[in-house]
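Here is the structure we will look at, set down as structure tokens.
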Amino acid sequence: MFRDFRHAWIRPFPGIFPVFLAAACLGVTATASAQAPLPADVLAVIEAPEYRHSLWGMLVVDLETGEPLHALNADKLFTPASVTKLFSVAAALDALGPDHRFETPVVRRGEVDSQGVLRGDLILLAAGDPTLGGRTLADGSIAFTNNDHTYANGSEKGALTSPNPLAGLNDLARQVAERGIRQVTGRILVDNRLFDEEPSTGSGPSRISPMLVNDSLVDLTISPAELGQGARLETRPECRFLRIDNRLETAPAGTPLTVTLQLISPHELVVTGRIAADSRSVLRVVEMPQPASFARSLFIEALERAGVRVAGSPLALQEEAELAAPRVDLAKLPVVARLESPPFSENARLILKVSHNLHASTLPLLLAARHGERTLAQGLHRQHDLLQGLGVDVETISFGGGAGGSQADCVTPRATVALLRAMHKHRAADAFRRALPVLGVDGTLAEVVSAESPARGRVQAKTGTYFWENTLNKRYLLTSKSLAGYLQGASGRPLAFALFLNRAHIEKAGDTAIAGKALGRICEALHAAH
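Per the numbering used here, the very first residue in the sequence shown carries number 14; after that it's consecutive.
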């Protein structure tokens with residue numbers, strides 16, 4: 014779910030008639046086709062005083078037949094926020110397939126003598142695997158929490174998953190040792206040239222990279238100690254790459270939490286602030302600005318744990334010139350280790366369940382890389398063709414990235430529903446639907462309705478949230494609160510729907526949840542009506 018896109022990571026931080034009457038009351042233009050009037054409970058939400066200045070868009074259709082049931086501004090452009098991820102994930106599932114697995118190799122440049130000494134370099138070739146084994150559970154699925162660690166700096170609910178984020182690197186290091194390599198006299202390198210590094214479009218980690226270990230983050234779990242003492246600080250992963258000056262204080266009970274993270278060099282972090290003595294532990298994260306150097310350092314430490322002696326320091330920053338040869342040539346070198354990811358359907362599930370901006374932003378670049386291309390623009394052009402092939406009217410949409418944080422991102426309710434219906438019939442239909450948050454159950458929809466809601470478990474949909482600070486009035490503007498997916502009516506009728514609320518005043522950032530619950534009430538009304 015999107016938060017404030019300007020967030021800085023290191024700074025503090027049913028019937029037959031058209032709905033003309035309803036449309037007139039809302040100051041919007043109704044669609045010309047003959048759908049049923051909007052249910053009264055839906056009108057009660059969208060006519061609420063807090064939305065009198067807002068724009069609403071909606072399309073609800075029968076999933077199997079495509080029969081339109083309710084529509085409001087269905088052909089107008091709306092800011093979709095993270096509903097954008099539906100399009101990015103659908104295109105990636107279409108191109109890669111739900112069973113695609115990333116294979117990340119380690120190659121050697123040099124010979125290994127009879128004593129197990131590699132007289133040359135060991136090179137980790139980034140393959141674009143977003144999790145690199147760091148979220149893989151024993152059953153092969155990718156772990157997620159309802160509040161992902163990538164958003165911890167803007168929330169008190171951020172949580173860690175249970176797998177070791179270094180599990181993939183540890184596996185690769187173990188394989189290197191099992192191949193008989195006991196010492197590396199040359200360099201340990203990471204080839205990060207699968208595609209260009211680009212800014213992520215959305216809150217969370219800012220840099221898209223083909224090599225991600227723990228999302229290029231160091232997790233900081235902060236806990237109070239005795240009053241007047243320094244607060245406790247635990248890091249994950251533990252590493253020598255980052256040195257931390259912990260100046261956090263334990264303050265009297267009830268003191269508001271303040272945490273400031275100041276990265277003063279790629280290796281040095283100063284943490285200041287106060288945590289109340291009666292506070293529970295809280296999570297904060299710091300982004301490493303050089304993903305390849307961070308991964309290289311962690312790989313060196315993994316090799317050392319596996320009993321492989323290396324000459325290179327884990328503190329050194331890698332320069333691209335050290336790779337010396339084109340990536341295509343390095344890929345022909347002898348492979349000494351290889352990590353295989355879970356199927357891509359699991360990556361899709363992580364992205365959509367928690368609205369993972371960094372991984373969603375990576376998807377167009379993965380599409381580009383499949384064709385030997387490197388840029389976001391090239392990847393979005395590939396996505397254009399894939400979406401067109403799925404039957405989406407690409408002339409009615411606009412995207413500047415894969416996650417939903419670009420100011421160029423706009424979609425219509427009709428295009429969104431067309432995508433949903435296309436994916437319902439797609440070979441990856443099960444993977445696509447399984448990836449969606451479930452209303453009142455998990456992901457970004459976990460807390461939108463009560464446990465007693467009749468619609469609980471009957472809606473699988475992607476959320477979107479996008480807001481900016483309204484500095485003039487010392488409050489916020491909710492640019493978008495959106496929801497699109499599949500809904501089962503009380504009669505069992507399957508529906509596809511897209512709901513967009515744009516431009517609503519809110520008093521504080523946390524009030525985005527109020528709008529989310531309003532969309533939840535619309536889902537409850539649609540469930541009851543059908």
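For every residue, glycine included, the Cβ atom is placed at its ideal position computed from N, Cα and C.
| Check | Outcome |
| --- | --- |
| Euclidean distance between Cα positions of Asp228 and Arg506 | 40 Å |
| Short Cβ contact (8 Å threshold) for Phe480 with Leu490 | yes |
| Pair within 8 Å by beta-carbon distance, Ser95 and Ala361 | no |
| Inter-residue Cα distance where the pair is Leu532 and Leu512 | 8 Å |
| Span separating the alpha-carbon of Arg148 from that of Asp134 | 28 Å |
| Identity of the residue in Gly325, Gly498 and Glu116 nearest Ala428 by Cα | Gly498 |
| Secondary structure of Asn205, DSSP reduced to three states | coil |
| At least three beta-carbon pairs within less than 8 Å, the stretch 161-171 to the stretch 330-342 | no |
| Every unbroken alpha helix (DSSP H) inside the stretch 344-374 [4 residues or more] | 357-367 |
| Endpoints, the beta strand (DSSP E) within which Ala474 is located | Val472 to Asn483 |
| Strand pairing of Pro507, partner residues [DSSP] | Gln501 |
| Three-way DSSP call (helix, strand, coil) for Pro31 in this model | Residue confidence is low: Pro31 scores 34 on pLDDT, short of 50, so the model does not pin down where it sits. Its coordinate-derived value is still stated next. Looking at Pro31 - three-state DSSP - the assignment turns out to be coil, as it is neither helix nor strand. |
| Classification of Ala61 by the beta-carbon crowding that lies within 10 angstroms, buried from 16 upward | exposed |
| Alpha-carbon spacing of Asp112 relative to Ile155, whole angstroms | 14 Å |
| Three-state class that DSSP yields for Phe254 in the structure shown | coil |
| Thr484 burial status per 10 Å Cβ neighbour count (16 or more: buried) | exposed |
| Gln303 beta carbon less than 8 Å from that of Pro269 | no |
| Contact between the stretch 248-258 and the stretch 296-316 (3+ Cβ pairs under 8 Å) | yes |
| Other residues of its chain near Gly40: CB distance less than 7 Å, five sequence neighbours each side excluded | Only weak support is given to the placement of Gly40: the predicted model assigns it a pLDDT of 37, under 50, and the value that follows is read from those uncertain coordinates. Here the set comprises nothing. |
| Rounded separation between Ala338 and Leu145 - CA only | 24 Å |
| Proximity to Gln420 [Cα-Cα], best of Thr214, Gly320 and Ser326 | Thr214 |
| Boundaries of the alpha helix (DSSP H) in which Ser310 is found, first to last residue | Pro304 to Arg318 |
| Reference Val130; option with closest CA among Asn183, Gly171 and Arg322 | Arg322 |
| Straight-line Cα distance separating Ala180 from Ala172 | 18 Å |
| Sequence-distant residues of its chain with Cβ nearer than 6 Å to Val348 (five each side left out) | Pro118 and Val120 |
| Own chain residues within Cβ distance below 6 Å of Thr44, not counting five before or after | Low confidence applies here, because Thr44 scores a pLDDT of 40, under 50, leaving its location unreliable; read the following figure in that light. Excluding positions up to five away in sequence, the list reads Ala84 and Ala87. |
| Rounded separation between Leu403 and Asp107 - CA only | 9 Å |
| Beta bridge counterpart(s) of Val120 as assigned by DSSP | Ile136 and Val348 |
| Start and end residues, alpha helix (DSSP H) containing Leu452 | Neither: Leu452 is in no alpha helix (DSSP H) and is coded neither H nor E. |
| Segments of 4+ residues assigned as alpha helix (DSSP H) that fall wholly inside the stretch 82-129 | 97-109 |
| Unbroken beta strand (DSSP E) run spanning Met71, endpoints | Leu68 to Asp75 |
| Local conformation of Arg260 per DSSP, three classes | strand |
| Identity of the residue in Ala431, Ser463 and Ala381 nearest Phe208 by Cα | Ala381 |
| Collapsed DSSP secondary structure at Ser46 in the structure displayed | Only weak support exists for where Ser46 lies, its pLDDT of 44 falling under 50; the value from the coordinates is given anyway. Ser46 falls in the coil class under three-state DSSP. |
| Arg395 - containing alpha helix (DSSP H), residue span | Leu389 to Gly402 |
| Contact check, Leu452 vs Ala105, beta carbons under 8 Å | no |
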